[in-house]
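Have a look at the structure below before the remarks.
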Amino acid sequence: MRNLFYMLMRNSVVLALAVLAAVLNGCALPLASESELETESDREFAKMRAQLVVSNDVQARAYINCISTAILSELERPYSDKEWDVEVFESEDINAFAMPGGHIGVYTGILKVAENQDQLATVIGHEVAHVTRQHALNRVNREMTTQAGVIAGSAVLGGGQATGQLLSMGAKLGLSLPYGRAQESDADVVGLKYMAAAGFNPQQSIQLWKNMAKKSKLGPAPFLSTHPSGDTRIQELIEQLPSALKLYNEAQAGGKKPVCQQ
Ligand SMILES: [Zn+2]
40 MRNLFYMLMR
50 NSVVLALAVL
60 AAVLNGCALP
70 LASESELETE
80 SDREFAKMRA
90 QLVVSNDVQA
100 RAYINCISTA
110 ILSELERPYS
120 DKEWDVEVFE
130 SEDINAFAMP
140 GGHIGVYTGI
150 LKVAENQDQL
160 ATVIGHEVAH
170 VTRQHALNRV
180 NREMTTQAGV
190 IAGSAVLGGG
200 QATGQLLSMG
210 AKLGLSLPYG
220 RAQESDADVV
230 GLKYMAAAGF
240 NPQQSIQLWK
250 NMAKKSKLGP
260 APFLSTHPSG
270 DTRIQELIEQ
280 LPSALKLYNE
290 AQAGGKKPVC
300 QQ
C-alpha cells in the first residue's frame, strides 16, 4: 500500500505539471480515452505477470477461469468482444482486480475469504463492472478537469509538455487511483447483475462482504482498504437482492448452472 501511495503522489504531481503546461500553452485540455487507458493497462498487467508469482496450481486456475468465463459471457459489446485475460497470482494477499483492456487478476489469498464459487463470482463480477462502467476513465478525466480548473484560475508560469505524455500520465493515474464510494456502489449493483445472470447465487454476496468485514478486523489487506465492507454496503446489496434473484432464477431455468470446483 505504501508503494501505491507514493506512485499515486508522484503521478499526481507529474499530472498537475503536465496539465499546467498544456493549459499555459493554450492547448485545449485533452481528455484521456478508453484506448489510452487500455494501452497503459496492458503494460501494467504484463509488468505484474513478470514481477509477481504466477500460480501453477492447476485446480485453482481452472476454478477461477470457470467463474470468470461464466461472468464474461454476460457482458455486452464492446466488452463481450474483447479477449479477456485471467491471471492467478500466488499470494497471501486478499486481492483481486480487473483492468481496462480486459485483464483480470486474482490473488490466491482471496480464496480464504470468498469461500465458494458464488462468493468469488461476487468479487469478479464487481471488478469487471468497474471496467465496463469505465470507472477508471471517469476518475482520471475528472481529476484532469479539476486540475485544469485550478490552474486556469491561478498564476501564470512557462512550460512545455507534450500532450501524449499528459495522457499517458493521466492513464497511469487512472489505474492507481482508488475508486470513489459512488463507483463502488455502482460496481456492486452491476456486478451483482452479472453474477446472477450467469447463474451464481446472489444471496452469497451478503456472506462474502460479511467475511470481508471479519477479515478486515484482523489486519490490513489491499482489497479491504479500497473496499470497506460496512453495513451500508451490505444494506445496499440486500435492497438489490429481489431483482438479482429474479435474474438468477431465469438463468437457472435457462440451464445456466455453473459448477466451478475449487
Ligand atoms: Zn471496487
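Residues in the sequence shown are numbered from 40 upward in steps of one, following this note's numbering.
Positions of the beta carbon are idealized from the N, C-alpha and C atoms, including for glycine.
For the set Val-97, Leu-70, Thr-161 and Ser-255, the Cα lying nearest the Cα of Gln-301 is the one of Val-97. Secondary structure of Tyr-233 (DSSP, three-state): helix.
Bounds of the alpha helix (DSSP H) holding Val-167 are 156–171. For Val-127, the beta-bridge partners assigned by DSSP are Val-145. Counting only the Cα atoms, Ser-264 lies some 16 Å from His-169. Going by DSSP, Phe-136 is part of the beta strand (DSSP E) stretching over 135–138. With 16 or more other CB atoms across the displayed protein chains lying within 10 angstroms of its CB, Asn-180 is buried. Set against 7 Å, the gap from the CB of His-142 to the closest heavy atom of ligand 1 is not smaller. Burial of Asp-227 is indicated by the presence of at least 16 other C-beta atoms within 10 angstroms of its C-beta.
The Cβ neighbour count for Asp-157, taken over all protein chains shown within 10 Å, is at least 16; the residue is labelled buried. Distance from the CA of Pro-117 to the CA of Gln-246, rounded to the nearest whole angstrom, comes to 32 Å.
Under the three-state reduction of DSSP, Val-97 is assigned to helix. The three-state reading of DSSP puts Leu-257 in coil, since its state is none of H, G, I, E or B. Annotation: the continuous alpha helix (DSSP H) that includes Ser-80 extends over 73–90.
For Tyr-287, the enclosing alpha helix (DSSP H) starts and ends at 270–292. Excluding sequence positions up to five before and after Pro-297, its CB lies within less than 6 Å of the CB of Ala-109 and Gly-238, all in the same chain and listed in chain order.
Under the 10 Å beta carbon count, Thr-271 is surrounded by fewer than 16 other beta carbons and is classified as exposed.
In this structure, Ala-226 has its beta carbon less than 7 Å from a heavy atom of ligand 1. Between the alpha carbons of Ile-103 and Val-167 lies a gap of roughly 14 Å. A direct Cα-to-Cα measurement between Leu-150 and Ile-133 gives close to 8 Å. For the 8 Å CB-CB criterion, Arg-172 and Asp-124 do not form a contact.
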